[in-house]
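Accompanying notes for the structure given below.
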Amino acid sequence: MASEPRGLAEESELSLPASDPGGAPVEDGAGQDDAAESTRGMSAQKWKFVLPWVAAVVGLDVTTKMWIMNTMTLYERIPVLGDFFRLTYTHNPGAAFGLSVGDNSRIVFLILSLAALALLCRFVWQTPISDRLRLAALATTCGGALGNAWDRIRLEAGVVDFLDFGIGDSRFPVFNVADSAVTVGAALLIISFWLEERQRAH
Numbered sequence: 063m064a065s066e067p068r069g070l071a072e073e074s075e076l077s078l079p080a081s082d083p084g085g086a087p088v089e090d091g092a093g094q095d096d097a098a099e100s101t102r103g104m105s106a107q108k109w110k111f112v113l114p115w116v117a118a119v120v121g122l123d124v125t126t127k128m129w130i131m132n133t134m135t136l137y138e139r140i141p142v143l144g145d146f147f148r149l150t151y152t153h154n155p156g157a158a159f160g161l162s163v164g165d166n167s168r169i170v171f172l173i174l175s176l177a178a179l180a181l182l183c184r185f186v187w188q189t190p191i192s193d194r195l196r197l198a199a200l201a202t203t204c205g206g207a208l209g210n211a212w213d214r215i216r217l218e219a220g221v222v223d224f225l226d227f228g229i230g231d232s233r234f235p236v237f238n239v240a241d242s243a244v245t246v247g248a249a250l251l252i253i254s255f256w257l258e259e260r261q262r263a264h
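Right under this line is the structure:
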């Protein structure tokens with residue numbers, strides 16, 4: 063039986079794509095580099111969306127707290143909408159909305175805040191750039207957590223609270239912009255998961 067000329071056989075072998083032992087083509091270095099570059103690009107876009115959002119929340123929280131500290135005395139009250147909404151300057155060593163675990167509340171909740179921030183950053187990393195609602199929810203929550211964590215680091219007395227709502231003696235615990243951001247962010251996160259489940263169901 064006549065054999066194939068050696069030159070043609072070598073040319074045929076050179077033209078075949080590389081494959082693994084199972085026969086599947088192996089992606090060349092250029093393809094892997096393109097995929098890595100695409101991933102880096104999407105990651106950069108994601109953080110360009112998230113970081114300014116976080117900075118805006120932290121900036122608003124810190125600015126309002128500094129204004130309260132510079133213009134009001136501790137425990138002073140200023141009516142804004144009568145008795146329903148007023149500014150009341152207080153310090154809270156505990157968590158949002160006056161939650162406390164005793165004398166070590168400031169340190170305990172600082173540690174919990176930093177742990178929560180690490181977890182939120184991981185969620186941001188795992189969330190695709192296309193899911194803007196979830197990224198906005200995570201960024202809002204991160205901004206709130208950072209705002210209160212910064213207070214716990216710099217102020218021995220704890221977090222600055224000043225938003226006071228209620229009627230007469232029935233009042234909601236005094237809170238701040240960071241607390242509001244964490245609450246709104248958590249609500250948006252729940253909505254994003256609900257929308258995701260709804261899309262899967264259809």
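Heads up, the sequence shown is in our numbering, so the first residue is 63 and it goes up one at a time. Every residue, glycine too, gets a C-beta built ideally from N, C-alpha and C.
Quick check: what's the CA-CA separation for residue i versus residue j?
| i | j | result |
| --- | --- | --- |
| L182 | S254 | 15 Å |
| R184 | G144 | 43 Å |
| L113 | T126 | 20 Å |
| R262 | A117 | 33 Å |
| A199 | R216 | 26 Å |
| V124 | H264 | 43 Å |
Helix, strand or coil for residue i? Go by DSSP, reduced to three states.
| i | result |
| --- | --- |
| L257 | helix |
| F185 | helix |
| L23 | It is not possible to answer for residue 23, since the shown part of the chain is limited to 63 through 264. |
| N132 | helix |
| L217 | coil |
| N238 | coil |
Kindly identify the DSSP beta-bridge partner or partners of residue i.
| i | result |
| --- | --- |
| G228 | R233 |
| D223 | T152 |
How far does the alpha helix (DSSP H) with residue i in it extend, from its first residue to its last?
| i | result |
| --- | --- |
| N154 | First-last for N154: F147 to N154, but that is the beta strand (DSSP E), not the alpha helix (DSSP H). |
| I191 | It is not in any alpha helix (DSSP H) - I191 carries neither H nor E in the DSSP assignment. |
Is the distance from the Cβ of residue i to the Cβ of residue j below 9 Å?
| i | j | result |
| --- | --- | --- |
| N154 | V236 | yes |
| G209 | V170 | no |
| G206 | A243 | yes |
Is residue i near the ligand ATP, in the sense that its beta carbon is under 8 Å from a heavy atom of that ligand?
| i | result |
| --- | --- |
| W109 | Among the components modelled here there is no ligand, and therefore nothing to report on the ligand ATP. |
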